[in-house]
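Asker: Take this structure, written in structure tokens, and hold onto it; I'll ask about it next.
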Amino acid sequence: MVVNGIPADVIVNGDQMGVSLMLTGNQTRAPKGALQVDKFGKEEKHQFMVMVGTTCTGNMLPIQCIWSGKTSVSLPTVTARKDVEKEGHIFTPGGANHWSTLNPLPQWLDNIVIPHLKEVVHERGLKSPVGLVVIDCWQVHRSKEFLEVMKCDY
């Protein structure tokens, strides 16, 4: 299948969604002799963002997980993520929060989408690199800084 001259397997639709993690343990913590003991972590919630990509042929690309924090210390441990990273999934610190900021999208393109496009171009023997990426436009994706990065690098 070809859409406007672009093979369907190099048309990638990317979307982001939040994933909520809620602690479900039954531990309690309180000073010895306290009259009221609250459940530990009962009110705590954590979220991270996943960036997913699918092609028009139904293939799902590896996932990018964006966690709040400025360094890799904010990510799940290396041990926890090593098996899924072998499958091509990536974990990215997102800065002050887990929502999309300027840096995660180019990392998704460089580490997931572009390798997929290059692989398809090579497998199909296409004469020139080609691809189309469709994303939802969040405020960050309309900023001058983001548009300049896209124009210069992609």
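Residues 1 to 154, numbered by the numbering used here, are exactly what the sequence shown covers, in order.
The C-beta atom is built at its ideal place from N, Cα and C for all residues, glycine as well.
I'd like to check one pair, residue 64 with residue 108: are the Cβ atoms closer than 8 Å?
Answerer: In the sequence shown, counting from the first residue as 1, residue 108 sits at position 108. In the sequence shown, counting from the first residue as 1, residue 64 sits at position 64. Closer than 8 Å, so yes.
Asker: Would you report the Cα separation of residue 115 and residue 62, rounded to the nearest angstrom?
Answerer: Residue 115 sits at position 115 when you count from the first residue of the sequence shown. Residue 62 sits at position 62 when you count from the first residue of the sequence shown. Residue 115 and residue 62: Cα-Cα distance of roughly 11 Å.
Asker: I'd like the list of long-range same chain contacts for residue 123, defined as Cβ closer than 8 Å, with 5 residues on each side in sequence excluded.
Answerer: As a working note, residue 123 is residue 123 in the sequence shown. There are no such residues.
Asker: Would you report the Cα separation of residue 30 and residue 68, rounded to the nearest angstrom?
Answerer: For the purposes of this step, residue 30 is identified with residue 30 of the sequence shown, where counting begins at 1. For the purposes of this step, residue 68 is identified with residue 68 of the sequence shown, where counting begins at 1. Taking the straight line from one Cα to the other gives about 29 Å.
Asker: With DSSP collapsed to three states, give me the class of residue 1.
Answerer: Position 1 of the sequence shown, counted from the first residue, corresponds to residue 1. Residue 1: coil per DSSP, three-state reduction.
Asker: On the three-state DSSP scale, how would you describe residue 67?
Answerer: The count along the sequence shown starts at 1 and reaches residue 67 at position 67. DSSP places residue 67 in strand when its eight states are reduced to three.
Asker: Applying the 10 Å Cβ sphere with the 16-neighbour rule, what's the burial state of residue 136?
Answerer: The count along the sequence shown starts at 1 and reaches residue 136 at position 136. It counts as exposed.
Asker: Taking the straight line between their C-alpha atoms, what separation do you get for residue 59 and residue 46?
Answerer: What you label residue 59 is simply residue 59 of the sequence shown in a count that begins at 1. What you label residue 46 is simply residue 46 of the sequence shown in a count that begins at 1. Looking at the two C-alpha atoms, the distance is approximately 29 Å.
Asker: Could you check what DSSP says for residue 155 in three-state terms: helix, strand or coil?
Answerer: Missing from the structure shown is residue 155; the chain here goes from 1 to 154 and no further.
Asker: Looking only at its chain, what residues have a beta carbon closer than 6 Å to the beta carbon of residue 74, apart from the 5 residues adjacent to it on each side?
Answerer: As a first step, residue 74 must be located in the sequence shown, where it is residue number 74. Answer for residue 74: 67, 93, listed in chain order.
Asker: Could you tell me which of 55, 8, 153, 32 sits nearest to residue 105, measuring between CA atoms?
Answerer: Taking the sequence shown and counting its residues from 1, the one referred to as residue 105 is at position 105. Selected option, being the one with the closest Cα: 153.
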